[in-house]
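Since the structure comes first, as structure tokens, the remarks are kept for the end.
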Amino acid sequence: MTVSAYNLHHTNLDQKPLLTRFQRLQVTRAVVPASPLSQRQLTCYGLLAKAPAFHPLYSVLVSSRLTIKLVDAFHTRHPTRCQAAAAAPPSSEGQSPLDIAKIASLGVMFFCSCFNYTLLQNMKDSLIVTSAGAEALPFLGAYAVLPASILFYMYHSYLVKALPEKMVYYASLAPFLAFYALFASVLYPLAPMLQPFHLLEQWQAMLPQGLVGLASIAVNWLYSLFFVFGELWGGVAISLLFWGLADDVCTMKEAKGIYPALGMLANVGLIVGGAWAKYVNTHLAGGSALTSGRWMIGTILVMAAVLFGVKAWVDERYMSSAQQQAEAEAAALERAEKKNKKTKKLEGAAGGKDAESGGNGLMGAFDVLKRSQKAGNLAVLVVAYFVVTKLFDYAWKAQMKLFYPSPVEFQAALADVTQMVGVATIAMMACSKFAFQYLGWKGTALICPVAIGVVCTVFYAAAIAAQNPALVSPALMASLILPLGAASGVIGRIITKSSKYSIFDPAKEMVYITMDRREKTEGKAAVDLLGSYFGKSGASWLTQALVLVMGTLNHALPFIAMAHAVICTAWTASTASLGELLKESEAAEAAASEAKNAAKGNESQEVALVDDSGSSLGSAQLDDAVSLTLADSTVATVDEQHVRVADLSSQNQELLQQENQILLVEPGWNLSSSSKSSSSSSSRHPPADERQMAGSAP
Numbered sequence: 001m002t003v004s005a006y007n008l009h010h011t012n013l014d015q016k017p018l019l020t021r022f023q024r025l026q027v028t029r030a031v032v033p034a035s036p037l038s039q040r041q042l043t044c045y046g047l048l049a050k051a052p053a054f055h056p057l058y059s060v061l062v063s064s065r066l067t068i069k070l071v072d073a074f075h076t077r078h079p080t081r082c083q084a085a086a087a088a089p090p091s092s093e094g095q096s097p098l099d100i101a102k103i104a105s106l107g108v109m110f111f112c113s114c115f116n117y118t119l120l121q122n123m124k125d126s127l128i129v130t131s132a133g134a135e136a137l138p139f140l141g142a143y144a145v146l147p148a149s150i151l152f153y154m155y156h157s158y159l160v161k162a163l164p165e166k167m168v169y170y171a172s173l174a175p176f177l178a179f180y181a182l183f184a185s186v187l188y189p190l191a192p193m194l195q196p197f198h199l200l201e202q203w204q205a206m207l208p209q210g211l212v213g214l215a216s217i218a219v220n221w222l223y224s225l226f227f228v229f230g231e232l233w234g235g236v237a238i239s240l241l242f243w244g245l246a247d248d249v250c251t252m253k254e255a256k257g258i259y260p261a262l263g264m265l266a267n268v269g270l271i272v273g274g275a276w277a278k279y280v281n282t283h284l285a286g287g288s289a290l291t292s293g294r295w296m297i298g299t300i301l302v303m304a305a306v307l308f309g310v311k312a313w314v315d316e317r318y319m320s321s322a323q324q325q326a327e328a329e330a331a332a333l334e335r336a337e338k339k340n341k342k343t344k345k346l347e348g349a350a351g352g353k354d355a356e357s358g359g360n361g362l363m364g365a366f367d368v369l370k371r372s373q374k375a376g377n378l379a380v381l382v383v384a385y386f387v388v389t390k391l392f393d394y395a396w397k398a399q400m401k402l403f404y405p406s407p408v409e410f411q412a413a414l415a416d417v418t419q420m421v422g423v424a425t426i427a428m429m430a431c432s433k434f435a436f437q438y439l440g441w442k443g444t445a446l447i448c449p450v451a452i453g454v455v456c457t458v459f460y461a462a463a464i465a466a467q468n469p470a471l472v473s474p475a476l477m478a479s480l481i482l483p484l485g486a487a488s489g490v491i492g493r494i495i496t497k498s499s500k501y502s503i504f505d506p507a508k509e510m511v512y513i514t515m516d517r518r519e520k521t522e523g524k525a526a527v528d529l530l531g532s533y534f535g536k537s538g539a540s541w542l543t544q545a546l547v548l549v550m551g552t553l554n555h556a557l558p559f560i561a562m563a564h565a566v567i568c569t570a571w572t573a574s575t576a577s578l579g580e581l582l583k584e585s586e587a588a589e590a591a592a593s594e595a596k597n598a599a600k601g602n603e604s605q606e607v608a609l610v611d612d613s614g615s616s617l618g619s620a621q622l623d624d625a626v627s628l629t630l631a632d633s634t635v636a637t638v639d640e641q642h643v644r645v646a647d648l649s650s651q652n653q654e655l656l657q658q659e660n661q662i663l664l665v666e667p668g669w670n671l672s673s674s675s676k677s678s679s680s681s682s683s684r685h686p687p688a689d690e691r692q693m694a695g696s697a698p
């Protein structure tokens, strides 16, 4: 007997459309009304649909068929499942459509956050580099940004415990917005009176050349304070708060499609922000740094209001069920902690941390990185990224100051580069989804250290050669070294920024989704916030040491280039290691899912074999590995989860991993026999060329 199939998307059993031969077997379940034979019987049909032409099973249109019908016992034992199957709406792929509202709302939030980030980056860099010099940047990173990030981490930990989850976002950003408003309205106009510029010349005469940058920070303390608040915005508003919200409202399946799309929407903010900064400094400021600053900060406050409004809408629509689940998990975790309270106190005393606080202190953050291999590897990646990019930024901005000495000119130049970054990021975002699909997580994540390592090395080589004209001829310097240095500097700036938004951040967030909730909750702030700023401060400490020894940043470039090569190598190795951990996690999840499916119990069910007229052809028990026999020929091996069918040429058998599948069979063909008549062969087998296309599929 031959295997036949009908595309029964309708309940009318007289409709028997012919399916394409050599279709891949995809089985779905349909529950149709009871047959005239018995109003109480429930009929389940196995359906073949939608598949390419390489599968050895194929269907033919037949005039008669046998159906395996479940008798009354199945409906009695499984009424709920049958009713649910009958009521389920049809779905072509079994997947829900993308939530456009979710993509749009998260995209607007990311747009606003990145727009403000662009304005703040341009403004803070122009104020410090043009007033205190690029040598002040490493001192600010080590002695101002790092302590501020630790203080904010403690403040955020307090907010998490003291406020409802929905209010943490607003309370975290409120101090930043209040300071920006105060700076634009009061502090910036009074900066000439509040900052002791007259002391700088005295300190420069007293201090070694390597400490001039530190003295400049003290003199320009208002600009330094604004630099700190501007630098923290990216880590707080984007890495910690926005991505934390996205992880809460998106599943892993949604993240693979939504996160690259979010990046594309968000990086429009870089282009628009850069264009707005360029327009303000060239048309609205009139050459005044104060007017430019007020326009920029006023725009930041307006975008923050939009950000808060969209956040409230996301909370109302998406966070209710997610928060309920989180609260249930938190309650279960709290009960487990109380049960082991004594042990935790002993461990906390031994580790020098407060066990009552749940390990929210600084030592608790490092303990999370030590316990979790994934969090530890992520910390290495984040630190390596920020060290490498900050080292490059210091050198590149020092060269920029030579060409753009005033704050307005410096901001306009940075705005041009920022627009290039936005365009490049959108282009990379368009390709990143395919990169994750075809290269996998490991192959895609390795793009960052390799590309940044190569381009920045070219920049360092050109900059070092430009400072040593004796090494090259004047003609070569003018025709190759200087253009190569300028181009590699701009390209390096574009790659370091665009690869972060298009590849580095999405790849990092995908790792967080694979963590359990406690590991993610405790480790995310530690990795994203402390890891990033330890990375930036690490670059600052390294640059400080080199400047103190060598005297200037330009003289320290050869050693910075060597450090760059070493760190990029470590970054590459850690990325490869994390990729292997993710492969192991995916394999473990697949094995657990397979074991769960195999552990499902199968109830013995009686089945009746009938033809179209309702005449009985026998019966059998539907049980684990039970062979249904008809006319002394083995038809199939069936249980509740599997149907094992011999293909028509007696090749390997196909295992269909579906539930409650019943075959439609036609009399006149012996599945267990490899011999067949010529007439049967001509009518029931595909032409030889189609069989050749099928190959040796199992």
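Numbering-wise (full-length UniProt numbering), the sequence shown opens with residue 1 and increments by one. We treat Cβ as the ideally placed atom computed from N, Cα and C, and that holds for glycine.
{"Check": "For the stretch 234–315, which segments carrying the beta strand (DSSP E) assignment without a break, of at least 3 residues, lie completely within its bounds, in sequence order?", "Outcome": "none"}
{"Check": "Output the distance between the C-alpha atoms of Cys456 and Met400, rounded to the nearest integer angstrom.", "Outcome": "16 Å"}
{"Check": "With a threshold of 16 other CB atoms inside 10 Å of the CB of Ser239, please say whether the residue is buried or exposed.", "Outcome": "buried"}
{"Check": "Can you grab the Cα-Cα spacing for the pair Phe366 / Glu409, in whole Å?", "Outcome": "42 Å"}
{"Check": "Say the cut is 8 Å; is the CB of Ala104 nearer than that to a heavy atom of the ligand MG?", "Outcome": "No copy of the ligand MG appears in this structure; indeed no ligand is present at all."}
{"Check": "Sort Leu582, Val549, Tyr460, Ser149 by Cα distance to residue 699 and report the nearest one.", "Outcome": "The first residue shown for the chain is 1 and the last is 698, placing residue 699 beyond what the model contains."}
{"Check": "Start and end of the alpha helix (DSSP H) containing Asn597?", "Outcome": "557–598"}
{"Check": "Is the beta carbon of Thr552 sitting closer than 9 Å to the one on Gln121?", "Outcome": "no"}
{"Check": "Nearest CA to the CA of Gly492: which residue from Thr521, Ser473, Gly453?", "Outcome": "Gly453"}
{"Check": "Exposed or buried, which one is Asp315 when buried takes at least 16 other CB atoms within 10 Å?", "Outcome": "buried"}
{"Check": "Check whether the Cβ atoms of Val145 and Ser540 lie closer than 9 Å to each other.", "Outcome": "yes"}
{"Check": "Would you decide whether Ala289 is buried or exposed? Buried here means 16 or more other CB atoms lie within 10 Å of its CB.", "Outcome": "buried"}
{"Check": "What distance in whole Å lies between the Cβ atoms of Val129 and Lys397, which are believed to be in contact at a cut-off of 8 Å?", "Outcome": "5 Å"}
{"Check": "So what's Met515 in DSSP terms, helix, strand or just coil?", "Outcome": "coil"}
{"Check": "Closer than 6 Å by C-beta to Ala465: which residues in its own chain qualify, once you throw out the five before and the five after it? Chain order, please.", "Outcome": "Leu471, Val472, Ile481"}
{"Check": "Going by other Cβ atoms of all chains shown within 10 Å of its Cβ, with 16 needed for buried, is Val547 buried or exposed?", "Outcome": "buried"}
{"Check": "Quick one: what's got a C-beta closer than 7 Å to Lys339's C-beta in the same chain, skipping five residues either side?", "Outcome": "Low per-residue confidence applies at Lys339: pLDDT is 41, beneath 50, and the placement is therefore not dependable, though the value from the model is reported in the following sentence. Around Lys339: no qualifying Cβ."}
{"Check": "Distance, Cα to Cα, Ile297 vs Asn597?", "Outcome": "57 Å"}
{"Check": "State buried or exposed for Met123, treating a residue as buried only when at least 16 other CB atoms are found within 10 Å of its CB.", "Outcome": "buried"}
{"Check": "Excluding five sequence neighbours on each side, which residues of the same chain lie with their C-beta closer than 6 Å to the C-beta of Cys112?", "Outcome": "Met303, Val306, Leu307"}
{"Check": "Taking the straight line between their C-alpha atoms, what separation do you get for Glu522 and Leu402?", "Outcome": "44 Å"}
{"Check": "Just to confirm the assignment, what range does the alpha helix (DSSP H) spanning Thr418 have?", "Outcome": "407–438"}
{"Check": "Under the rule that 16 or more other beta-carbon atoms within 10 Å means buried, what is Thr251, buried or exposed?", "Outcome": "exposed"}
{"Check": "With a cut-off of 8 Å, do at least 3 Cβ pairs link the stretch 432–449 to the stretch 571–581?", "Outcome": "yes"}
{"Check": "Tell me which residue opens and which closes the alpha helix (DSSP H) that Val186 is part of.", "Outcome": "Note, Val186: premise wrong, no alpha helix (DSSP H); not H, not E."}
{"Check": "For Ile377, which three-state DSSP category applies?", "Outcome": "Reading off the sequence shown, one finds Asn at residue 377, where the question assumed Ile. In the structure shown, Asn377 sits in a helix (DSSP, three-state: H, G or I)."}
{"Check": "If we count the other Cβ atoms within 10 Å of its Cβ and call it buried at 16 or more, is Trp313 buried or exposed?", "Outcome": "exposed"}
{"Check": "On a Cα-Cα basis, can you pick out the residue from Val268, Leu137, Glu589, Ala430 that is closest to Gly257?", "Outcome": "Ala430"}
{"Check": "Which parts of the stretch 143–212 are runs of the alpha helix (DSSP H), unbroken and 4 residues or longer, counting only runs that do not cross its ends?", "Outcome": "146–162, 165–182, 191–194, 198–206"}
{"Check": "For Ser633, count the other beta carbons within 10 Å of its own beta carbon; 16 or more makes it buried, fewer makes it exposed. Which is it?", "Outcome": "Since pLDDT at Ser633 reaches only 38, below the 50 mark, its modelled position is unreliable, and no value is offered."}
{"Check": "From the DSSP output, in three-state form, read off Ser488 for me.", "Outcome": "helix"}
{"Check": "Is it the case that the Cβ atoms of Ala285 and Tyr223 are separated by a distance below 9 Å?", "Outcome": "no"}
{"Check": "Determine the closest residue to Asp248 out of Thr543, Ala162, Lys520, Leu557, with distance taken between C-alpha atoms.", "Outcome": "Lys520"}
{"Check": "To which residues of the same chain is Ala507 closer than 7 Å at the C-beta, ignoring the five residues directly before and after it?", "Outcome": "Trp441, Thr444, Ala445"}
{"Check": "Near Ala261, what residues of its chain come up, given a Cβ to Cβ distance below 7 Å and the 5 sequence neighbours on each side ignored?", "Outcome": "Ile103"}
{"Check": "Straight-line CA distance for Ala336 to Asp516?", "Outcome": "Here Ala336 scores only 46 on pLDDT, less than 50, and its place in the model should not be relied on; the value that follows carries that caveat. C-alpha separation (whole angstroms): 16 Å."}
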